[in-house]
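So the structure is just underneath, and the comments pick up after that.
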Ligand SMILES: Cc1cc2nc3c(=O)[nH]c(=O)nc-3n(C[C@H](O)[C@H](O)[C@H](O)COP(=O)(O)OP(=O)(O)OC[C@H]3O[C@@H](n4cnc5c(N)ncnc54)[C@H](O)[C@@H]3O)c2cc1C
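Residue numbers (the numbering used here): -9 to 336.
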């Protein structure tokens, strides 16, 4: 085995190691590599291992002793916690119907809940459209959410089930990510706008069963800043709408750009306040397989903006993956920064 050379700026404070017994570990390793590339990870093969760099994370993945092994370092316990949650989900997905044995080792005392976990109370529920519900949560330490460099939270969508369970029978924790749409410091509340897709997922089910006064488990905020630029191309579907609205609230007034939002139909439009230099286009989804957004973003990328540009797109994962390839090619030609994220998977 080639010695793994770790860069000196490797974030070591929180170290996580995993040894997973999976069917066909070599195939699983390549699958994991592909997964991480999708997440904009920088992956380099070194001998028989792969080095991975993601914002705030550095790590290694390799196969040894018939096991898929991972060694990750991150700067904070919160990131380390969700890396572990994410890896656990990927390992179980890769194992399919087979049982997976995972041995975890951490250099910190990893609790069952992330360090920032807090329990908030539902103060209001408002239907913004037939498919978008606003959850207003009472939040005594509201200022922690009032940041433009960390826009999202993780919601524990089986909170009621987890708290009702006793002893050994506690179910695994199920997290879903949502954007903090608004922070009201005076009222000590945050708003989360959730798109109720018809897929019957855990997140959609959790929201449709919520009542005023219910308790909600939330971790964060984390992730999701946007780079500084003079010109922006901002695009997404309904799940990205809360993030787009929040971003438009804090972008400097002197910049400009284009905003493209794909929705199922006109009834899903939400009032958006745009800085003067921005132009908003609502796109109607033709059907579940044809994305109007994809074509519109590709054609926008074909035109070079004169100013320093940032491209931000969030939408369904396979569309995001194709758009990322276009954005990378266009960025090489026109030198702009971009962030293309898959917010959900069809
Ligand atoms: C950083 C980030 C921020 C996000 N912010 C928000 C937000 O503010 N508001 C918001 O509503 N969503 C947001 N999302 C997306 C949200 O997390 C997913 O839509 C959600 O996880 C779906 O969870 P689920 O349990 O309901 O469905 P899953 O269990 O994930 O999926 C169940 C089924 O539903 C389908 N499905 C899932 N999501 C959608 C969808 N959006 N449209 C159509 N079909 C779908 C899937 O294809 C699958 O068949 C964000 C995601 C990320 C990564």
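Each residue gets a CB set at the ideal place from its N, CA and C atoms; glycine is no exception.
Own chain, CB closer than 6 Å to residue i, minus 5 neighbours either side, in chain order
{"i": "residue 229", "result": "185, 333, 334"}
{"i": "residue 209", "result": "104, 106, 107, 144"}
{"i": "residue 32", "result": "43"}
{"i": "residue 346", "result": "Past the edges of the chain, shown from -9 to 336, lies residue 346, and the structure says nothing about it."}
{"i": "residue 34", "result": "41"}
{"i": "residue 70", "result": "4, 6, 64"}
Assigned exposure category for residue i - 16 Cβ within 10 Å defines buried
{"i": "residue 153", "result": "exposed"}
{"i": "residue 289", "result": "exposed"}
{"i": "residue 109", "result": "exposed"}
{"i": "residue 49", "result": "buried"}
{"i": "residue 218", "result": "exposed"}
{"i": "residue 119", "result": "buried"}
{"i": "residue 62", "result": "buried"}
Start-to-end residues for the beta strand (DSSP E) that takes in residue i
{"i": "residue 302", "result": "299 to 306"}
{"i": "residue 54", "result": "47 to 54"}
{"i": "residue 108", "result": "108 to 117"}
{"i": "residue 171", "result": "165 to 174"}
Residue closest to residue i, alpha-carbon to alpha-carbon, out of the options
{"i": "residue 323", "options": "293, 306, 304", "result": "293"}
{"i": "residue 173", "options": "86, 166, 182", "result": "182"}
{"i": "residue 222", "options": "124, 38, 201, 267", "result": "267"}
{"i": "residue 191", "options": "165, 214, 210", "result": "165"}
{"i": "residue 100", "options": "310, 66, 218", "result": "66"}
{"i": "residue 171", "options": "4, 297, 37, 214", "result": "214"}
{"i": "residue 12", "options": "37, 46, 77", "result": "77"}
{"i": "residue 275", "options": "260, 248, 256, 261", "result": "256"}
{"i": "residue 280", "options": "244, 227, 197", "result": "227"}
{"i": "residue 5", "options": "73, 53, 27", "result": "73"}
{"i": "residue 36", "options": "52, 29, 25", "result": "52"}
{"i": "residue 193", "options": "148, 58, 155, 169", "result": "148"}
Residue i (DSSP reduced to helix, strand or coil)
{"i": "residue 69", "result": "helix"}
{"i": "residue 239", "result": "helix"}
{"i": "residue 212", "result": "strand"}
{"i": "residue 98", "result": "coil"}
{"i": "residue 325", "result": "coil"}
{"i": "residue 14", "result": "coil"}
{"i": "residue 263", "result": "coil"}
{"i": "residue 252", "result": "strand"}
{"i": "residue 181", "result": "strand"}
{"i": "residue 187", "result": "coil"}
{"i": "residue 343", "result": "With the chain covering -9 to 336 only, the question about residue 343 has no answer from this structure."}
{"i": "residue 40", "result": "strand"}
{"i": "residue 84", "result": "helix"}
Neighbourhood of residue i by C-beta distance below 8 Å, restricted to the same chain and skipping five residues each side
{"i": "residue 237", "result": "141, 216, 224, 302"}
{"i": "residue 321", "result": "301, 327, 328"}
{"i": "residue 111", "result": "127, 128, 203, 204, 205, 206"}
{"i": "residue 316", "result": "287, 288, 291"}
{"i": "residue 282", "result": "252, 273, 274, 275, 276"}
Limits of the alpha helix (DSSP H) - the one that residue i falls within
{"i": "residue 196", "result": "192 to 199"}
{"i": "residue 285", "result": "282 to 291"}
{"i": "residue 153", "result": "149 to 154"}
Chain-order list of residues whose beta-carbon lies under 7 Å from that of residue i (same chain, five-residue window excluded)
{"i": "residue 167", "result": "142, 144"}
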